[in-house]
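A short write-up of the structure that comes next.
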């Protein structure tokens, strides 16, 4: 996608670079434990085209000069899902606008699952 074109040349940013920014931002958000594929077909396509589709769980497109990102996330059980999704939306939008310099049209967050952590061990004092 072309950002700026001058007499000296043009600046292009790959959708994979934008996807990398979106993935790193989403994974660093509170409550997000991973990304999920949209379908089994996506897994199969990614295994065939390793370099082209580098990130599972994210798609990037451009609509009328604005970036549109779809993220498929897995959320930690016990967190408020709506707040985690809203936080991911705002953080990804802010990061992309500041880093890339293009407007972000939409960040669509799809919660694909929950991860339940193992049981928490509580040390009990045992009297002899």
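In our numbering, the protein residues as written are 1401 to 1528.
We put the beta carbon where it would ideally sit given N, CA and C, even for glycine.
If one requires a minimum length of 3 residues, the beta strand (DSSP E) runs lying completely within the segment 1483-1520 are 1504-1515, in chain order.
Residue state for residue 1459 is assigned as strand, using DSSP reduced to three classes.
Residue range 1415-1427 is occupied by the alpha helix (DSSP H) that includes residue 1418.
The residue among 1414, 1418, 1411 and 1407 with its C-alpha nearest the C-alpha of residue 1498 is 1418.
Selection 1467, 1466, 1473 and 1463 evaluated against residue 1455 yields 1473 as nearest (Cα-Cα). Between residue 1504 and residue 1426, the C-beta gap is not smaller than 8 Å, which leaves the two residues out of contact. Non-local beta-carbon contacts of residue 1488 in its own chain, meaning distances under 7 Å to residues more than five positions away in sequence, involve 1426, 1429, 1432, 1471, 1473 and 1509 in chain order.
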